[in-house]
Each structure stands twice: as C-alpha cells, then as structure tokens.
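Student:
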Amino acid sequence: MPLLKITNPFVSPQFVQELQDEPAYRSAKTFSATHAFLRQVRRFSRNQEYATIHATDIKEWFGNYNIPYLPCLEALENHGLLKIDRQYIVGHKPRGYKLTEKGSKLMYKGQMQYLKKLFTDRSLKRQIQKKESYLRIHGQKYTDDFLQYIHEGRMHYKFDQAAVKCIAESNWPNLTRLDAVMSLIDFAKRDFVELKCNDSDNRCWNEFAGMKSELRKFFSLGNLKYRYLMDIRSCHPLFLAHYLMNCAQIQGWQSYHPLLPGDHQKTIFEIDSAQERERSERFSIPIPPTITKQSTTYPFPSNSHNPGINNYLFSHYVGGNSDIQAELRKWNQIFSDPTRDPKAMLYDELGYQRDTAKAALNHTINGSNQYKRFKAWFKKGFPKLFAIWERTNKATVGTGISAQYETWLMQDMELYNLATQLGLHLTYEFDGCGVMCREDDPDVLAKIQQLVQHIQDRSERRWNIRPVIVVKSADGALVNMQDHISSLAPDQTE
5 MPLLKITNPF VSPQFVQELQ DEPAYRSAKT FSATHAFLRQ VRRFSRNQEY ATIHATDIKE
65 WFGNYNIPYL PCLEALENHG LLKIDRQYIV GHKPRGYKLT EKGSKLMYKG QMQYLKKLFT
125 DRSLKRQIQK KESYLRIHGQ KYTDDFLQYI HEGRMHYKFD QAAVKCIAES NWPNLTRLDA
185 VMSLIDFAKR DFVELKCNDS DNRCWNEFAG MKSELRKFFS LGNLKYRYLM DIRSCHPLFL
245 AHYLMNCAQI QGWQSYHPLL PGDHQKTIFE IDSAQERERS ERFSIPIPPT ITKQSTTYPF
305 PSNSHNPGIN NYLFSHYVGG NSDIQAELRK WNQIFSDPTR DPKAMLYDEL GYQRDTAKAA
365 LNHTINGSNQ YKRFKAWFKK GFPKLFAIWE RTNKATVGTG ISAQYETWLM QDMELYNLAT
425 QLGLHLTYEF DGCGVMCRED DPDVLAKIQQ LVQHIQDRSE RRWNIRPVIV VKSADGALVN
485 MQDHISSLAP DQTE
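In the numbering used here, each residue carries its 1-based index in the sequence shown increased by 4.
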C-alpha cells in the first residue's frame with residue numbers, strides 16, 4: 005500500500021507506515037489529531053509516569069479534527085505505541101496514558117524532522133517569526149514582577165542549531181530525546197505553560213528550568229549567551245536544621261481545623277520548649293513576688309514577611325535549649341564551610357561516593373530509609389534535631405524548605421535587577437540561576453561574585469546562615485571564584 009501523503013511537519017513517514025493499515029488511520033487528519041494527543045500525553049507526564057487525562061479532554065482534542073478518538077486509542081495500544089491505565093474513579097481519578105519506548109521513538113523522529121526544517125525552510129521560519137511578533141505584543145502579561153521576568157525571557161530566548169545536533173548525536177533514551185526536542189519546539193513556537201508558583205513548595209516551573217541541562221548552553225538573549233551557572237550547595241540539607249527548629253510541625257497537623265487551638269498550631273520545637281519550661285518551673289525555687297517576671301512574648305522584626313522562619317524565633321526560648329542550639333551551630337558549620345563540601349565529609353566518614361552522598365542527604369531528609377549509615381550518623385551527631393525530624397511529616401520537609409528558604413533567596417527580584425544593572429541576565433533554575441553574559445565581558449566573574457555575595461548576605465541577615473554558592477561553567481566545570489573576590493570594591497566585600 006503506498007504511503008499516505010501527510011503535510012503535517014511533525015508526523016514522520018515511519019509513524020505513518022506503522023499505522024496507515026488501520027481502518028481508523030485512513031485520513032491525514034487522523035495523524036494530526038493523534039500527534040496532538042500524544043504530545044499532550046508526554047507534556048503531562050513526569051518521570052515516565054502515566055499522564056492522567058480526562059476523556060472529555062481527549063474527545064475535544066480529536067474533535068478539533070472531526071475524528072472519533074476511541075478507535076485511535078485502540079490502534080495505538082494494539083501497535084505498542086501507548087500504554088493505558090484503565091483503572092479510574094469517577095470524579096476523582098481519570099485513566100492514565102503513557103508513551104512506550106516504541107511510541108517515543110516514532111514521535112521523536114517527527115519532532116526532529118520539524119526542528120531541522122526550522123533552520124532550512126524559509127516559509128516555516130517566516131511563519132514562526134510572525135507568531136513571535138504577535139505574541140510579544142498581544143501575549144499574556146503578569147502582574148507579578150518575578151513571573152513577568154521569567155515570561156519576558158521565555159519570549160525572547162533563541163537557541164543555536166548546535167542544540168539540535170547535540171540531541172541527534174546523544175545516546176539518551178528515546179523518551180529523554182523526545183522531551184529534549186519538545187523543549188526546543190516549545191521555545192521555537194513560544195508555546196508555554198501559564199506561569200505560577202506551586203502551593204506546596206512555591207517553586208515556579210517553566211520550560212527553561214524543566215529542560216535537560218545540557219541544552220541550556222545553546223541559548224542566548226540578544227548578545228548575551230548562557231555561559232555560567234550558580235547554585236546553592238546542598239541547599240535543602242543546608243537549611244534543614246533551621247527548618248526543624250522553626251517550622252517543623254507534628255505529623256497530622258493538617259487534619260486539624262486551623263482556627264481550633266492546640267498543638268497543631270505550634271512547631272515541634274515550641275511544644276518541646278513549653279514542656280521544658282513547665283518542668284523547670286515545677287522543680288525550681290519560687291521567685292519572690294517583688295521580682296517582675298520576664299515576658300515570654302516577643303515581637304517579630306518588622307522587616308520579616310514570615311516571622312515563623314526568622315532566626316529570632318529560637319533565640320528567645322529559655323531553659324534546656326542550649327544543647328539543641330549547639331547542634332544547630334554544629335550543623336550550620338558543616339554545611340556552610342566554604343573549604344569542604346559536606347558530601348566529601350560523608351565520603352570520608354561513611355564511605356559514600358559523591359552521587360550516593362548527595363542522594364543520602366536529599367532522600368533521607370524527605371523520609372527515605374534506604375541510607376542506614378547516614379541516618380545513624382544524623383542520630384548520633386544531632387540527637388535533638390533527629391528527634392524533631394522523626395516526629396514531623398518527613399514527606400513535606402523538602403517542599404517546606406523550598407517554600408520557606410530556597411525560593412525566598414532565588415525568587416528575589418533585587419537579585420535579578422542587580423544582574424540587569426551589571427549587564428547580565430539570569431535564568432531561574434529553582435535552587436540556582438543560569439548566567440547569560442557577553443562573550444567579550446572581561447569582568448563577568450567579578451560581576452557574578454557580586455550576585456553571589458548578594459545571596460549570601462540576604463541569607464545571613466535573615467537566618468544567620470551564609471550558604472556556599474557554587475559557580476560552574478555552562479559545560480559543568482567548577483569555577484574558582486576566590487580569585488575574583490579581591491577584584492570587588494572595598495565596600496562590596498565588607
């Protein structure tokens with residue numbers, strides 16, 4: 005049977021050949037509808053999990069092409085291109101859909117076919133340029149300065165053809181390569197999700213932060229090219245001790261009504277401190293009535309947006325807290341030491357390799373029991389902090405640290421405005437930022453050091469914690485910033 009002629013640039017000949025013998029796939033429109041559906045499946049998927057999609061949405065996507073969807077789904081499943089999780093709960097859990105390795109391979113061929121045409125087909129390039137111009141004038145605007153900053157970057161980023169070559173020559177799995185080409189196509193077509201900060205961790209997912217890191221070095225903004233990355237070293241472990249003392253609440257606190265009084269409104273540290281004070285008062289010598297009792301209420305600093313995470317909180321509690329404050333200082337010394345990476349310490353003390361040490365830190369604090377040696381080290385060296393950690397909902401520790409600490413530093417518009425004043429552009433990447441700069445800027449590392457110092461000073465003022473900011477080149481090579489600290493003006497290094 006001769007190959008059906010398809011004009012859709014995203015549909016590869018191999019995809020057509022696979023399905024055209026099916027009765028449902030006798031028209032070109034069916035392939036276009038199927039491509040639109042499978043692209044949504046992959047966009048809604050995370051870490052190769054099933055994408056839960058309501059049947060009404062699928063019906064609408066296929067209906068845009070006047071195509072019935074059920075025969076198409078059956079054919080895709082029969083040919084091994086799609087897996088369907090048919091377990092669903094009406095009104096709660098729709099069916100799940102997942103591209104197979106075979107389906108990803110065929111989809112990848114079509115997406116790559118389109119990407120290559122972007123650089124050779126003049127009519128397609130002109131079509132893309134017209135859409136860009138329209139969206140920049142009539143596209144969505146955000147009232148939040150941070151979201152608008154990300155959006156303006158997305159609308160103007162360009163990527164080099166070398167990014168396409170990088171994907172084509174990679175040995176990545178087909179699902180990874182498909183995600184990579186879809187990321188580039190999103191930027192080519194300016195087809196972006198609506199920006200918002202998550203309720204759970206306050207992070208703002210966006211296409212640039214979500215793409216494979218190897219592709220970012222091919223992006224530019226005008227004459228600024230992506231050349232460096234700075235991020236907070238061991239971000240979540242760094243702030244863990246402060247989080248446990250100031251934010252961690254007992255398991256199950258969410259099940260209580262927030263307006264009802266009780267321990268669910270307090271942190272674990274507050275509960276323990278109150279009990280310790282009560283025990284101390286019970287066994288202490290009575291204070292003569294002529295001595296005025298010190299107030300146990302303390303005003304929060306006026307510049308604190310969220311008093312619950314301010315370092316003033318724990319410093320005013322009295323009675324039995326010297327041990328846990330000593331643990332806090334010890335923890336901060338380990339994770340704020342600029343001369344030694346804590347992962348290297350775990351390598352020496354526990355015999356972990358670097359990747360294992362990183363996983364032990366990040367996974368354990370979120371409740372994983374896989375790394376027994378690290379848990380034993382945590383319990384032995386920090387028994388009071390460990391006891392608090394054991395009583396909190398460990399699954400929410402990571403999101404809590406992101407919401408209270410990481411995003412407060414990395415979504416700071418003062419940081420992005422400072423970069424703009426220095427002639428740089430920052431790309432938001434959760435616990436770090438990419439740096440775009442001119443290729444011929446001789447002072448770029450000195451400028452980056454100013455940004456590093458801004459983040460460190462902001463953290464130290466708020467929590468008395470000075471994080472280590474690691475700077476790398478776009479290729480992943482570590483940059484020694486010590487040589488550039490001396491180049492700052494005296495008032496910038498104080």
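Every residue, glycine too, gets a C-beta built ideally from N, C-alpha and C.
Got a sec? Which residues, its chain only, sit under 6 Å from residue 183 by beta carbon, not counting five neighbours each side?
Tutor: Around residue 183: no qualifying Cβ.
Student: In chain order, what residues of the same chain lie with their CB nearer than 8 Å to the CB of residue 45, ignoring the 5 residues before and after it?
Tutor: Correct list, in chain order: 55, 57, 86, 101, 102 and 103.
Student: Considering Cα atoms alone, identify which of 108, 89, 106 and 442 is closest to residue 99.
Tutor: Closest by alpha carbon: 89.
Student: Measuring CB atoms only, is the region 225-236 touching the region 148-164, in the sense that at least three cross pairs come out at less than 8 Å?
Tutor: They touch, by the three-pair rule.
Student: For residue 443, count neighbouring C-beta atoms within 10 Å of its own C-beta (all shown protein chains included) and say buried if the count is 16 or more, exposed if not.
Tutor: Per the 10 Å Cβ criterion, exposed.
Student: Tell me the DSSP bridge mates of residue 116?
Tutor: Per DSSP, none; premise fails for residue 116.
Student: Report the residue from 119, 415, 474 and 431 whose alpha carbon sits nearest the alpha carbon of residue 206.
Tutor: Measuring from the Cα of residue 206, the nearest candidate turns out to be 415.
Student: What is the residue span of the beta strand (DSSP E) that residue 223 lies within?
Tutor: Segment 223-225, the beta strand (DSSP E) holding residue 223.
Student: Pull up the distance between the alpha-carbon of residue 481 and that of residue 9, whole angstroms please.
Tutor: Cα to Cα, residue 481 sits roughly 48 Å from residue 9.
Student: Enumerated in chain order, which unbroken segments of the beta strand (DSSP E) with a length of 3 residues or greater are wholly contained in the region 391-469?
Tutor: The region 391-469 contains these whole beta strand (DSSP E) runs: 429-432 and 436-441.
Student: How close, in whole Å, do the beta carbons of residue 192 and residue 122 come, if the pair is a contact with beta carbons under 8 Å?
Tutor: That pair is a contact at about 6 Å.
Student: Taking the C-alpha atoms as reference points, what is the distance between residue 429 and residue 439?
Tutor: Between residue 429 and residue 439, the C-alpha separation is close to 6 Å.
Student: What number of angstroms, rounded off, separates the C-alpha of residue 36 from the C-alpha of residue 127?
Tutor: If I take the Cα positions, the gap works out to 20 Å.
Student: Using a threshold of 9 Å, state whether the C-beta atoms of residue 468 and residue 325 are closer than that.
Tutor: Going by C-beta atoms, residue 468 is not nearer than 9 Å to residue 325.
Student: Using the rule of at least 16 other Cβ atoms within 10 Å of the residue's Cβ for burial, across every protein chain shown, is residue 84 buried or exposed?
Tutor: When all chains shown are included, residue 84 counts as exposed.
Student: Alpha carbon to alpha carbon, how far is residue 458 from residue 479?
Tutor: Straight-line Cα distance between these residues: approximately 24 Å.
Student: Quick check: the Cα distance between residue 190 and residue 174, rounded to an integer number of angstroms?
Tutor: If I take the Cα positions, the gap works out to 20 Å.
Student: Can you give the Cα-Cα distance for residue 40 and residue 69, rounded to whole angstroms?
Tutor: Whole-angstrom Cα-Cα distance: 10 Å.
Student: Taking the alpha carbon of residue 461 as the reference point, which residue from 188, 208, 418 and 434 has its own alpha carbon closest?
Tutor: Of the listed residues, the one whose Cα sits closest to residue 461 is 418.
Student: List the whole-angstrom C-beta distance separating residue 401 from residue 247, where the pair is believed to meet the contact cut-off of C-beta under 8 Å.
Tutor: Right, the Cβ-Cβ distance comes to about 7 Å (below 8 Å), so this counts as a contact.
Student: Which residue marks the beginning of the alpha helix (DSSP H) containing residue 190, and which one marks its end?
Tutor: Its alpha helix (DSSP H) spans residues 178-193.
Student: Could you check what DSSP says for residue 57 in three-state terms: helix, strand or coil?
Tutor: Coil at residue 57, not helix or strand.
Student: Of the residues 422, 216, 20 and 93, which one's Cα is nearest the Cα of residue 451?
Tutor: Out of 422, 216, 20 and 93, 422 has the C-alpha closest to the C-alpha of residue 451.
Student: Between which two residues does the alpha helix (DSSP H) carrying residue 36 extend?
Tutor: Note, residue 36: alpha helix (DSSP H), 32-48.
Student: Note the first and the last residue of the continuous alpha helix (DSSP H) segment covering residue 168.
Tutor: Start and end: 166-172.
Student: What residues are listed by DSSP as bridge partners for residue 477?
Tutor: According to DSSP, residue 477 bridges with 232.
Student: Give the list of continuous beta strand (DSSP E) stretches no shorter than 3 residues that lie fully inside the region 64-99.
Tutor: For the region 64-99, whole beta strand (DSSP E) runs of length 3 or above, ordered along the chain, are 86-89.
Student: For residue 436 versus residue 233, is the C-beta spacing smaller than 9 Å?
Tutor: Contact: yes.
Student: Taking the beta carbon of residue 231 as the centre, do at least 16 other beta carbons fall within 10 Å, making it buried, or is it exposed?
Tutor: Label assigned to residue 231: buried.
Student: What distance in whole Å lies between the Cβ atoms of residue 119 and residue 1, which are believed to be in contact at a cut-off of 8 Å?
Tutor: Absent from the model: residue 1. The displayed extent of the chain is 5 to 498, so no value can be given.
Student: Could you pull the start and end residues of the alpha helix (DSSP H) that residue 483 belongs to?
Tutor: First-last for residue 483: undefined, no H or E at that position.
Student: For residue 24 and residue 30, I'd like the C-alpha separation in whole angstroms.
Tutor: About 6 Å.
Student: Measure the beta-carbon distance from residue 229 to residue 441 and round it to whole angstroms, keeping in mind my assumption that it falls under 8 Å.
Tutor: Their Cβ separation, rounded to whole angstroms, is 7 Å, which keeps residue 229 and residue 441 in contact under 8 Å.
Student: How is residue 163 classed by DSSP in three states: helix, strand or coil?
Tutor: The answer is strand: DSSP assigns residue 163 an E or B state.
Student: In this structure, does DSSP put residue 101 in helix, strand or coil?
Tutor: Reduced to three states, the DSSP call for residue 101 is strand.
Student: Helix, strand or coil: which one does DSSP assign to residue 23?
Tutor: If DSSP states are grouped into helix, strand and coil, residue 23 belongs with the helices.
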